[in-house]
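Participant: Before we start, here is the structure in question, set down as structure tokens.
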Amino acid sequence: MGVGRVEGKAALITGAARGQGRAHAAKLAEEGADVVVVDVCAPLPSVSYAAATTEDLAETVRLVEKFGRRAVSARVDVRDLAALRTTVDAAVGTLGRLDIIVANAGICVPRAWERVTEQIFEDTMSTNVTGVWNTVMAGAPHLIRAGGGSIILISSVAGIKAQPFMVPYTTSKFAVRGMAKAFAAELSAHGIRVNSVHPTGVNTPLASEEMQAELAAAIATNPRLGNMLLNMLPVRGTDPEDVANSVLFLASDESRFVTAHELAPDAGNSEF
Numbered sequence: 003m004g005v006g007r008v009e010g011k012a013a014l015i016t017g018a019a020r021g022q023g024r025a026h027a028a029k030l031a032e033e034g035a036d037v038v039v040v041d042v043c044a045p046l047p048s049v050s051y052a053a054a055t056t057e058d059l060a061e062t063v064r065l066v067e068k069f070g071r072r073a074v075s076a077r078v079d080v081r082d083l084a085a086l087r088t089t090v091d092a093a094v095g096t097l098g099r100l101d102i103i104v105a106n107a108g109i110c111v112p113r114a115w116e117r118v119t120e121q122i123f124e125d126t127m128s129t130n131v132t133g134v135w136n137t138v139m140a141g142a143p144h145l146i147r148a149g150g151g152s153i154i155l156i157s158s159v160a161g162i163k164a165q166p167f168m169v170p171y172t173t174s175k176f177a178v179r180g181m182a183k184a185f186a187a188e189l190s191a192h193g194i195r196v197n198s199v200h201p202t203g204v205n206t207p208l209a210s211e212e213m214q215a216e217l218a219a220a221i222a223t224n225p226r227l228g229n230m231l232l233n234m235l236p237v238r239g240t241d242p243e244d245v246a247n248s249v250l251f252l253a254s255d256e257s258r259f260v261t262a263h264e265l266a267p268d269a270g271n272s273e274f
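Taken in order, the sequence shown gives residues 3 to 274; the numbers are from the working numbering.
In structure tokens, the structure reads:
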């Protein structure tokens, strides 16, 4: 068996209890990395789909350990910088290093623009923007001490092309795209690369029946705009593993000269 593509490295992954975060953790572990997996495992006021649970997070740990890698898990809200720093510092103390950051935690609450509440906007921005910034701030000092590394911010096709009926989400994901470029510029002095990943719809618990019903109700207010959600390739959505493959590439030395870049496993949605 050959050497894994991230052998001997350690990764921090947020929103890791299920869906994309779990896929990222499993993929990086399969390729040789130890992982720090964190998730809030609790509901947010504006989110209709069921929250991840502590059992979901434990299952992610089991998947990582199945590949013979170490996993450190914690329930922590990415919106709480102090708690996240404490968690990451302790985990790095256990694993000995940190080389990769995957800021994956995020939410999406589709609504027609006039039905967006303050709570929806605040939950979306605090999780998808502040939470991503907090993740970099908590983890980047450890990458600097390691002599370099890779930071991967999970944005969306909505961070490249506006998505209708998702004003807060689109706003947040464009912000994440810009944040990646800004961090890439300053952290380049430390040999750290920062990129963003922009998937189309992904088949995860986030894409629940409740969320699909909310989106359908929003589309009904202006059906013509529903075409903006279509993919160029004839697929409705992709799988978490498809996004994890992009994350693995950016985490590995295969992308050692790729930084401040948008990688879009989006089935062509951003160009359609």
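Cβ coordinates follow ideal geometry from the N, Cα and C atoms, glycine included.
Using CA coordinates, which residue listed in Ala114, Ile122 and Val42 is at the minimum distance from Ala85?
Facilitator: Comparing Cα positions, the closest option is Val42.
Participant: If the criterion is Cβ atoms closer than 7 Å, does the pair Val196 and Ala182 meet it?
Facilitator: Cβ distance < 7 Å, so Val196 and Ala182 count as in contact.
Participant: Out of curiosity, what's the CA-to-CA distance linking Asn130 and Phe123?
Facilitator: Approximately 10 Å, taken between the alpha carbons.
Participant: Just checking my contact of Glu256 with Arg81 at CB under 8 Å: how many whole Å lie between their CB atoms?
Facilitator: With 8 Å as the limit, Glu256 and Arg81 do not qualify as a contact, their Cβ atoms being about 33 Å apart.
Participant: Assuming Leu83 contacts Asn136 under a Cβ cut-off of 8 Å, what Cβ separation, rounded to an integer in Å, is found between them?
Facilitator: Confirmed, Cβ separation roughly 4 Å.
Participant: Does DSSP classify Gly141 as helix, strand or coil?
Facilitator: Of the three classes helix, strand and coil, the one that applies to Gly141 here is helix, per DSSP.
Participant: Could you check how far apart the C-beta atoms of Pro112 and Ala222 are, in whole angstroms? I think they sit under 8 Å.
Facilitator: Contact doesn't hold; Cβ gap of about 12 Å is too wide.
Participant: I need the straight-line Cα distance from Pro207 to Gly270, nearest angstrom please.
Facilitator: Rounded to whole angstroms, Pro207 to Gly270 spans 23 Å at the Cα level.
Participant: In angstroms, rounded to a whole number, what distance separates the CA positions of Ile156 and Ala105?
Facilitator: Spanning the two alpha carbons is a distance of roughly 6 Å.
Participant: Name the two residues that bound the continuous alpha helix (DSSP H) containing Leu65.
Facilitator: Segment Thr56 to Lys68, the alpha helix (DSSP H) holding Leu65.
Participant: Taking contact to mean 3 or more Cβ pairs, one atom from each stretch, closer than 8 Å, check whether the region 53-60 and the region 12-19 are in contact.
Facilitator: With the cut-off at 8 Å, the region 53-60 and the region 12-19 touch.
Participant: What three-state label does DSSP hand Glu9 in the structure shown?
Facilitator: It is coil, neither helix nor strand.
Participant: Within its chain, find whatever has a CB closer than 6 Å to the CB of Arg99; leave out the 5 residues flanking it on each side and keep chain order.
Facilitator: Answer for Arg99: Ala12 and Ala148, listed in chain order.
Participant: Answer with buried or exposed for Val5, where buried requires no fewer than 16 other C-beta atoms within 10 angstroms of its C-beta.
Facilitator: The residue in question, Val5, is exposed, as its Cβ has fewer than 16 Cβ neighbours within 10 Å.
Participant: Looking at the unbroken beta strand (DSSP E) that takes in Leu155, where does it start and where does it end?
Facilitator: Segment Gly151 to Ile156, the beta strand (DSSP E) holding Leu155.
Participant: Indicate whether Ala76 and Thr96 have their beta-carbon atoms separated by less than 7 Å.
Facilitator: Cβ distance not < 7 Å, so Ala76 and Thr96 don't count as in contact.
Participant: What is the C-beta distance between Val63 and Val40, in whole angstroms, given that I count them as a contact (C-beta under 8 Å)?
Facilitator: Between Val40 and Val63 the Cβ distance is about 11 Å, and since that is not below 8 Å, they are no contact.
Participant: Pull up the CB-CB distance for Val202 and Thr172, whole angstroms please, since I reckon it's below 8 Å.
Facilitator: The amino acid at residue 202 is misidentified as Val; the sequence shows Thr. Contact doesn't hold; Cβ gap of about 14 Å is too wide.
Participant: Below 7 Å between beta carbons: does that hold for His200 and Glu273?
Facilitator: No, they are not a contact pair.
Participant: Output the distance between the C-alpha atoms of Val249 and Val159, rounded to the nearest integer angstrom.
Facilitator: Approximately 15 Å between the Cα atoms of the pair.
Participant: Shortest alpha-carbon distance to Leu14 belongs to which of Ala53, Ala218, Ala215 and Val94?
Facilitator: Selected option, being the one with the closest Cα: Val94.
Participant: Quick one: residues in its chain with C-beta nearer than 6 Å to the C-beta of Pro1, no 5 flanking neighbours on either side, listed in chain order?
Facilitator: The first residue shown for the chain is 3 and the last is 274, placing residue 1 beyond what the model contains.
Participant: Give the C-beta separation of Ala186 and Thr261 to the nearest angstrom, bearing in mind that I take them to be a contact with Cβ-Cβ under 8 Å.
Facilitator: With a Cβ gap of about 5 Å, Ala186 and Thr261 count as contacting.
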